[in-house]
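Participant: Below you will find the structure I want to go over with you.
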Amino acid sequence: MTVTSRTSTFEAAADRSETEFGNLCDQARDLAESGHLKRAAQLYTQVLDGDSHHHRPMAALGLAVVRHTLGDIGTAREAARIAVDTGHPEYAPRAAYHLALSYEEEDAAEQAEEAWHDVLAAGNDRYTPAAHYGLARIAEGRGDPETAAGHWGRVLDGPDRGLAAQAAHDYGERLLARGDVDMAAEVIRHGLAAEDHPALRLLLGAVHVERAIGEFGAVVDASRDDEAATGEPGTAAAAVELLARLLAVRGDTEAAERAWETGLTHRDAATAADVRARLRRGFLDPHADTAAEESADRAAAGDTVAWWDPYLEAAVAQGSTPMLAGELFYAVDRMYSRLAMPLVDDETRAAALRRTLQETVRSPGEYVWGRSLHDDFRERLRRAAGSDTDVLPEGWPDHADRD
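Quick note: the sequence shown, position 359, residue 360 per the numbering used here, numbers continuous.
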């Protein structure tokens, strides 16, 4: 047999082996897709143990994915590194991508960063934007916004428009959190040019909110610090209200409360009064249906504000109105239930009815506003009785007779 014939025979045998390895990879892929992961892993391992050059990258990547799905993370990473080391233009960057995500799941930033750099080194433009995205997040996580900015820019200008829009949202949120509103607006608009997405539109709205907060805050500061800049009281008061309500929308309830307090204590009395009127917009007037003479009597007695008004004002300023409303409804529900049961049971015993009334009257006492309710009732009862002293025993109703 000549050298030529022996070479041809060897090449033919090699071709048959590669064909067999290819068939094994196809079978393994089908098994993995149908959920037979362990059998798929065996076939991929068989290819890796063989002397296949052409199918080794494919088998290594397939084994990495299957082993990761089975929870065998260590073996999965070993297989991924085999695929990366092959330098294959397709399977090497895919394996590095898979490896990077695996490390990110465990917050192993250093190893993930190395894997993302392996993706970049492969030079496959299909995976380059994702690598820059991963590196941008890692740089942000370690407090290196300058390095992150370079990677963000490459994602935003990359060919993957969907990923560019996603990155614009991520980066825009980070910029807003850092107070860089103008840069955030630029990034978001870049993302919208790539893909018009509702989440980006919402974030752009947040940018406008931040800008509005800045403008309203400037008006409030000017009216507070510069007497000549006060202008019309309504202007400063409107700025206080809008600033406080936007801060509450942003979720910064402490800053919102400070904004209201700034307006309520404004050096200009007219402005402070206007701010209080805005804070109390929609409040119930407890004396709106009383006669003029009675209203005058109440005013003379100092009874011009309902006992609950300070709690409502504080709730509006603190953004806790839903909580206060919940407490009130819960208290009313408990009081109603206690009063209704004797009626349903047709209770006639005086002692039992008295105990029910005592428990009902005590119900609000567990809330911050409960003491004010009791004190207000005590004062109104004293005035109705025409007495100069309390007509209720000390400690009522908490220490009232329980028998």
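Every residue gets a Cβ at the ideal spot worked out from N, C-alpha and C, and that includes glycine.
All values derive from a computational prediction rather than experimental measurement.
Have a look at D31 and G23 and give me their C-alpha separation to the nearest angstrom.
Facilitator: Distance between the alpha carbons of D31 and G23 is about 12 Å.
Participant: Exposed or buried, H209, counting other C-beta atoms within 10 Å across all chains shown (16 or more means buried)?
Facilitator: The residue in question, H209, is exposed, as its Cβ has fewer than 16 Cβ neighbours within 10 Å.
Participant: For the stretch 69-146, which segments carrying the beta strand (DSSP E) assignment without a break, of at least 3 residues, lie completely within its bounds, in sequence order?
Facilitator: Listed in chain order, nothing qualifies, since the stretch 69-146 has no complete beta strand (DSSP E) run of 3 or more residues.
Participant: Quick test of the definition: if touching needs 3 or more C-beta pairs under 8 Å, does the stretch 211-219 touch the stretch 232-251?
Facilitator: With a cut-off of 8 Å, the stretch 232-251 and the stretch 211-219 count as touching, because enough Cβ pairs lie within range.
Participant: Excluding five sequence neighbours on each side, which residues of the same chain lie with their C-beta closer than 8 Å to the C-beta of V188?
Facilitator: Excluding positions up to five away in sequence, the list reads W153, L157, A169, Y172, G173 and L176.
Participant: Please determine, among R268, L62 and V306, the residue with the shortest C-alpha to C-alpha distance to F284.
Facilitator: It is V306.
Participant: Is the separation between the beta-carbon of E395 and that of Y368 shorter than 8 Å?
Facilitator: Cβ atoms of E395 and Y368: not closer than 8 Å.
Participant: Go ahead and label E233 buried or exposed: buried means 16 or more other beta carbons lie within 10 angstroms of its beta carbon, across all protein chains shown.
Facilitator: With fewer than 16 Cβ atoms within 10 Å of its Cβ, E233 is classed as exposed.
Participant: Using the three-state DSSP reduction, which class does R162 fall into: helix, strand or coil?
Facilitator: Three-state DSSP puts R162 in a helix.
Participant: In angstroms with no decimal places, state the Cα-to-Cα distance between R143 and A110.
Facilitator: Computed Cα separation, rounded: 9 Å.
Participant: Is the CB-CB distance between A238 and D275 below 8 Å?
Facilitator: Yes.
Participant: Below 7 Å, is the gap between the Cβ of E141 and the nearest heavy atom of the ligand SAM?
Facilitator: No copy of the ligand SAM occurs in the structure displayed, which carries no ligand at all.
Participant: Check this for me: beta carbons of H99 and V66, under 8 Å apart or not?
Facilitator: In this structure, V66 lies closer than 8 Å to H99 by Cβ.
Participant: Using a Cβ-Cβ cut-off of 7 Å (strictly less than) and excluding sequence neighbours within five positions of T70, which residues of its own chain qualify?
Facilitator: Around T70: L38.
Participant: Would the beta-carbon of A149 fall within 8 Å of that of A132?
Facilitator: Cβ distance not < 8 Å, so A149 and A132 don't count as in contact.
Participant: Could you check what DSSP says for G327 in three-state terms: helix, strand or coil?
Facilitator: If DSSP states are grouped into helix, strand and coil, G327 belongs with the helices.
Participant: Three-state secondary structure (DSSP) at A386?
Facilitator: Residue state, collapsed to three classes: helix.
Participant: Which whole-angstrom value describes the C-beta separation of H267 and A273, a residue pair presumed to lie in contact below a C-beta threshold of 8 Å?
Facilitator: Right, the Cβ-Cβ distance comes to about 4 Å (below 8 Å), so this counts as a contact.
Participant: So is L201 in contact with chain D if we call contact Cβ pairs under 8 Å?
Facilitator: Protein chains in the displayed structure number just one, and chain D is not present.
Participant: Tell me the DSSP secondary structure of V392 in three-state form.
Facilitator: DSSP places V392 in coil when its eight states are reduced to three.
Participant: Below 8 Å on the Cβ atoms is my guess for E258 versus R281; work out the distance and round it to an integer in Å.
Facilitator: In fact, because the Cβ distance is near 15 Å, the residues do not count as touching under 8 Å.
Participant: Would you give the residue range spanned by the alpha helix (DSSP H) that Y312 belongs to?
Facilitator: Per DSSP, Y312 belongs to the alpha helix (DSSP H) from D310 to Q319.
Participant: Going by alpha carbons, who is nearest to R339 out of R355, D86 and A185?
Facilitator: The residue with the shortest Cα to Cα distance from R339 is R355.
Participant: Should A80 be labelled buried (16 or more other beta-carbon atoms within 10 Å of its own) or exposed?
Facilitator: Classification for A80: buried.
Participant: When the Cα of R225 is compared with those of D269, G72 and G235, which residue comes out closest?
Facilitator: Here the closest residue by C-alpha is D269.
Participant: Check whether the Cβ atoms of A122 and A101 sit closer than 8 Å, and answer yes or no.
Facilitator: Contact: no.
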